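The structure under discussion appears below in the form of structure tokens.
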Amino acid sequence: MNILITGGCGFIGSHLVRLILEKGHEVVNLDKLTYAGNLENLRDCEKNSGYRFVKGDISDQETVFPLVEDAELIINLAAETHVDRSLDSADVFLKTNLFGVYAICNAIKNSGKKIRLLQVSTDEVYGSIEHGVFKETDRFSPTSPYSASKAGAELMAFSFHHAHGLDVVSTRGANTYGPNQFPEKLIPFFATELFEGRKVPLYGDGKNVRDWLHVLDHARAIYEIAMKGESGKAYNIPGLNERQNIDVVRKILKSFGKGEESIQYVKDRAGHDRRYAVEGKRLESIFEFERVSFEKGLAETVAWYKNNEKWWRPLKKESEDFFKRHYSKLSSNER
Ligand SMILES: NC(=O)c1ccc[n+]([C@@H]2O[C@H](COP(=O)([O-])OP(=O)(O)OC[C@H]3O[C@@H](n4cnc5c(N)ncnc54)[C@H](O)[C@@H]3O)[C@@H](O)[C@H]2O)c1
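Numbering (the numbering used here), first residue to last: 149 to 483.
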């Protein structure tokens with residue numbers, strides 16, 4: 149198949165591009181190369197004759213139209229993804245996450261071809277849940293500009309399914325971790341801060357619960373849903389591995405031979421969701437798989453950051469201003 153992947157130079161996208169090339173498909177990767185996009189993530193794929201990179205913006209209709217016309221399947225991962233940045237300013241989240249999916253849907257509609265769109269969404273669209281799990285039929289209740297833009301993006305894609313008969317499926321994946329994640333998200337941020345000899349800033353009481361999904365499991369599930377998912381349906385992708393943030397942090401600290409003295413509690417994130425949890429029965433009906441164990445996955449991820457300083461050092465430098473501004477608002481201590 150000819151598959152158009154957007155955001156392939158990011159964290160999940162780069163693992164997905166590699167997986168899909170291994171399956172023997174041809175991939176065009178459309179990526180704007182924002183601060184989160186990194187050509188290094190796919191250096192090993194550049195010699196593959198089935199792979200082509202196009203630098204461009206998914207919200208730019210002129211860029212998107214010809215690429216969509218040539219594709220049999222589109223997997224849209226391109227997005228602004230950091231909740232903290234969306235709390236700072238959400239303009240670019242609306243432009244990329246909402247106008248981007250609109251441009252893709254419009255291009256599919258205008259092509260008159262039967263092209264499937266898999267919209268990569270997130271479990272954050274449901275908002276927080278104290279007990280139990282969200283099903284795909286539960287209502288959206290996003291609580292950050294990031295999750296609101298992702299909820300809007302999914303609704304936009306499904307509106308084209310209902311109104312214009314587009315073949316659309318979506319995935320709502322859990323909190324993802326693994327190698328190549330930009331060092332602003334919890335696990336790589338904390339690992340690289342410890343590497344620098346700093347304390348790790350932990351929001352609130354550290355008892356917020358996240359369900360952790362390894363990036364390879366996330367990529368495998370996206371691929372299977374793209375191939376076998378029922379048109380018009382959303383599919384949750386749980387990690388089946390809930391942890392309080394404090395437990396994850398203690399595990400990271402242990403791997404650095406450090407303890408509680410390396411935690412700096414900071415004022416809680418605005419509107420910080422307490423717990424995310426989704427049910428995976430619909431996914432299990434098309435794809436059953438054994439997930440990477442969290443202990444193994446986390447140890448390998450931390451080891452990857454320890455061994456790939458060349459990869460993360462320039463990224464960390466690039467986002468230093470944001471971190472300084474953000475964390476100085478939350479704590480009296482300097483980073
Ligand atoms: N990371 C998670 O925990 C998680 C969980 C569930 C769902 N998701 C979703 O998965 C997708 C990928 O997430 P990620 O963590 O890999 O993100 P990321 O921030 O690592 O990568 C995003 C990629 O999109 C590209 N991009 C951004 N704006 C673009 C634009 N306008 N046009 C083209 N490319 C653009 C960036 O350059 C980058 O390569 C996102 O849609 C995200 O919402 C992520």
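Even for Gly, the Cβ is constructed at its ideal location relative to N, Cα and C.
These numbers come from a predicted model, not from an experiment.
Inset, instruction - Determine whether the Cβ of Ala382 lies closer than 8 Å to any Cβ atom of chain C. - result: No chain C is present in this structure, which holds just one protein chain.
Inset, instruction - Starting from Arg358, follow the beta strand (DSSP E) in both directions and report where the run begins and ends. - result: Against the sequence shown, residue 358 aligns to sequence position 210. It spans 357-362 - the beta strand (DSSP E) in which Arg358 sits, taken as one unbroken run.
Inset, instruction - Give the DSSP-derived three-state secondary structure of Ala322 in the structure shown. - result: Residue numbering aside, residue 322 sits at position 174 when the sequence shown is read from its first letter. When DSSP states are grouped into helix, strand and coil, Ala322 belongs to the coil group.
Inset, instruction - State yes or no: is the C-beta of Leu265 nearer than 7 Å to some heavy atom of ligand 2? - result: No copy of ligand 2 occurs in the structure displayed; its ligands are ligand 1 alone.
Inset, instruction - Just confirm the distance between the C-beta atoms of Ile252 and Ile223, as a whole number of angstroms; I'd bet it's less than 8 Å. - result: Looking up residue 252 in the sequence shown gives position 104. Looking up residue 223 in the sequence shown gives position 75. So it is not a contact: roughly 10 Å between Cβ atoms.
Inset, instruction - Evaluate Asp192 with the Cβ neighbour count: other Cβ atoms within 10 Å of its Cβ, from every protein chain shown; 16 or more gives buried, anything less gives exposed. - result: As a first step, residue 192 is located in the sequence shown; it is residue number 44 there, counting from the start. In the assembly as shown, Asp192 is an exposed residue. Its beta-carbon has fewer than 16 other beta-carbons within 10 Å.
Inset, instruction - Could you spell out the range, first to last residue, of the alpha helix (DSSP H) harbouring Phe338? - result: Position 190 of the sequence shown, counted from the first residue, corresponds to residue 338. Segment 334-343, the alpha helix (DSSP H) holding Phe338.
Legend entry - Leu364 to Tyr183 span [Cα, whole Å]: The count along the sequence shown starts at 1 and reaches residue 364 at position 216. The count along the sequence shown starts at 1 and reaches residue 183 at position 35. The alpha-carbon atoms of Leu364 and Tyr183 are separated by roughly 22 Å.
Inset, instruction - State the CB to CB distance for the pair Asp218 and Lys203, rounded to an integer number of angstroms; the pair is presumed to be in contact (CB under 8 Å). - result: Counting from 1 along the sequence shown, the entry for residue 218 is found at position 70. Counting from 1 along the sequence shown, the entry for residue 203 is found at position 55. In fact, because the Cβ distance is near 17 Å, the residues do not count as touching under 8 Å.
Legend entry - Cβ neighbour criterion (16 or more within 10 Å) applied to Asp469: Looking up residue 469 in the sequence shown gives position 321. Asp469 should be labelled exposed.
Inset, instruction - Return helix, strand or coil for Thr244, following the three-state DSSP convention. - result: The residue given as residue 244 occupies position 96 in the sequence shown. Correct three-state label for Thr244: helix.
Inset, instruction - Identify whether Gly161 lies in helix, strand or coil by the three-state DSSP scheme. - result: Along the sequence shown, one-based indexing puts residue 161 at 13. If DSSP states are grouped into helix, strand and coil, Gly161 belongs with the helices.
Inset, instruction - Please report how far the alpha carbon of Gly248 lies from the alpha carbon of Thr154, in whole angstroms. - result: Counting from one through the sequence shown, the residue named residue 248 turns up at place 100. Counting from one through the sequence shown, the residue named residue 154 turns up at place 6. Those two C-alpha atoms are separated by around 10 Å.
Legend entry - Residue closest to Tyr371, alpha-carbon to alpha-carbon, out of Trp360, Ile411, Ile168: Here residue 371 refers to the residue found at position 223 of the sequence shown. Here the closest residue by C-alpha is Ile168.
Legend entry - Per-residue DSSP class, three states only, for Arg483: By one-based count along the sequence shown, residue 483 stands at place 335. Confidence in Arg483 is poor, its pLDDT being 48 and thus under 50, which makes the residue's placement unreliable; the coordinate value appears in the next sentence. In the structure shown, Arg483 sits in coil (DSSP, three-state: anything other than H, G, I, E or B).
Inset, instruction - Compare the beta carbon distance of Arg320 and Asn384 with 8 Å and say whether it is the shorter of the two. - result: Here residue 320 is taken as the residue at index 172 of the sequence shown, counted from 1. Here residue 384 is taken as the residue at index 236 of the sequence shown, counted from 1. Their beta carbons are under 8 Å apart, which means Arg320 touches Asn384 by this criterion.
Inset, instruction - Grab me the residues of Glu194's own chain with a C-beta within less than 7 Å of its C-beta, minus the 5 sequence neighbours each way, in chain order. - result: As a position in the sequence shown, residue 194 is number 46, starting the count at 1. Taken in chain order, the list of residues that qualify is empty.
Inset, instruction - Would you list the residues sitting across from Ser269 in a DSSP beta bridge? - result: The sequence position of residue 269 within the sequence shown is 121, counting from 1. Beta-bridge pairing links Ser269 to Arg320.
Inset, instruction - Look at the Cβ atom of Trp360, then the Cβ atom of Phe306, and state whether they are nearer than 8 Å. - result: Translated into the one-based positions of the sequence shown, residue 360 becomes position 212. Translated into the one-based positions of the sequence shown, residue 306 becomes position 158. No, they are not a contact pair.
Inset, instruction - With hydrogens ignored, establish whether the beta-carbon of Cys157 is closer than 7 Å to any heavy atom of ligand 1. - result: As a first step, residue 157 is located in the sequence shown; it is residue number 9 there, counting from the start. Yes; taking the cut-off as 7 Å, the Cβ of Cys157 has a heavy atom of ligand 1 nearer than that.
Inset, instruction - Report the three-state DSSP secondary structure of Thr229 (helix, strand or coil). - result: In the sequence shown, residue 229 corresponds to position 81, counting from 1. Coil at Thr229, not helix or strand.
Legend entry - CB contact flag (Ala255, Thr244, <8 Å): Locating residue 255 in the sequence shown gives position 107, counting from the first residue. Locating residue 244 in the sequence shown gives position 96, counting from the first residue. For Ala255 and Thr244, no; Cβs fall outside 8 Å.
Legend entry - Pair within 8 Å by beta-carbon distance, Leu342 and Ile400: Numbered from 1 along the sequence shown, position 194 holds the residue referred to as residue 342. Numbered from 1 along the sequence shown, position 252 holds the residue referred to as residue 400. Contact flag set, yes.
Legend entry - Same chain, Cβ closer than 6 Å to Glu272, five either side skipped, listed in chain order: On the sequence shown, residue 272 is found 124 positions in, with the first residue counted as 1. So the list reads Ser295, once near-sequence residues are dropped.
Legend entry - Ile222, enclosing beta strand (DSSP E) - first and last residue: One-based indexing of the sequence shown puts residue 222 at position 74. Start and end: 221-224.
Inset, instruction - State the DSSP-derived secondary structure class of Leu181, mapped to helix, strand or coil. - result: If you number the sequence shown from 1, residue 181 lands on position 33. Three-state result, Leu181: coil.
Inset, instruction - Can you have a look at Leu190 and say buried or exposed, based on whether 16 or more other CB atoms are within 10 angstroms of its CB? - result: Taking the sequence shown and counting its residues from 1, one reaches residue 190 at position 42. Buried: at least 16 other Cβ atoms inside 10 Å.
Legend entry - Buried/exposed call for Gly405, threshold 16 Cβ in 10 Å: One-based indexing of the sequence shown puts residue 405 at position 257. When all chains shown are included, Gly405 counts as exposed.
Inset, instruction - State the beta-bridge partners of Ile385 as determined by DSSP. - result: Walking along the sequence shown from the start, residue 385 turns up at place 237. DSSP lists Gly321 as partners of Ile385.
Inset, instruction - Quick one: measure Cβ to Cβ for Cys157 and Asn186, integer angstroms, because I've assumed they're closer than 8 Å. - result: Residue numbering aside, residue 157 sits at position 9 when the sequence shown is read from its first letter. Residue numbering aside, residue 186 sits at position 38 when the sequence shown is read from its first letter. Cys157 to Asn186, Cβ: 6 Å. Contact.
Inset, instruction - Note down, in chain order, each residue of its chain lying with its Cβ closer than 7 Å to the Cβ of Thr449, except the 5 sequence neighbours on either side. - result: Residue numbering aside, residue 449 sits at position 301 when the sequence shown is read from its first letter. Closer than 7 Å at Cβ, skipping near neighbours: Tyr325, Gly326, Pro327, Ile335.
Inset, instruction - Could you check which residue in Asp208, Glu220, Leu235, Ser433 has the C-alpha nearest to that of Ala382? - result: Here residue 382 corresponds to residue number 234 of the sequence shown, with the count starting at 1. Comparing Cα-Cα distances from Ala382 to each of Asp208, Glu220, Leu235, Ser433, the minimum goes to Ser433.
Inset, instruction - With DSSP as the reference, label Pro349 as helix, strand or coil. - result: Along the sequence shown, one-based indexing puts residue 349 at 201. Of the three classes helix, strand and coil, the one that applies to Pro349 here is strand, per DSSP.
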